[in-house]
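One gets the numbering used here by counting positions in the sequence shown from 1 and adding 21 to each.
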Amino acid sequence: MTQVNFEELVQTGDRLIAEIATSEGKQRYQLHQDLHRVIENIRMHGDRVPRRFRDIDLELLEEEIEDQFDNMPV
């Protein structure tokens with residue numbers, strides 16, 4: 022297995038962010054999971070995660086939490 026470098030991870034993250042912007046539902050959720058893996062890989066390599074990655078990750082996490090409450094019966 023080849024080691025992925027920081028620049029490749031950033032390129033992958035930017036591509037995922039562009040795809041997330043035009044996606045919905047389950048596809049958006051899956052792309053978020055992929056982005057989160059990229060973020061974790063950057064951290065594991067000891068590099069600094071770009072702020073735009075952290076911001077969109079947090080925004081998507083908040084959306085997912087909100088969606089869970091929207092689907093709860095009252």
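C-beta atoms are modelled at their ideal positions from N, C-alpha and C, and glycine is treated no differently.
Given the structure is predicted, the values throughout are model-derived calculations rather than measurements.
Anticipated Cβ contact below 8 Å, residue i with residue j, distance rounded
i   : j   : result
I60 : F74 : 5 Å
L56 : L82 : Wrong, their Cβ atoms sit about 11 Å apart, outside the cutoff.
Span of the alpha helix (DSSP H) around residue i
i   : result
N62 : G46 to M65
D35 : F27 to A42
Note to self: For the pair the region 25–33 and the region 62–70, tell me if three or more CB-CB distances fall below 8 Å.
What the structure shows: Three or more Cβ pairs drawn from the region 25–33 and the region 62–70 lie within less than 8 Å of each other, which places the two stretches in contact.
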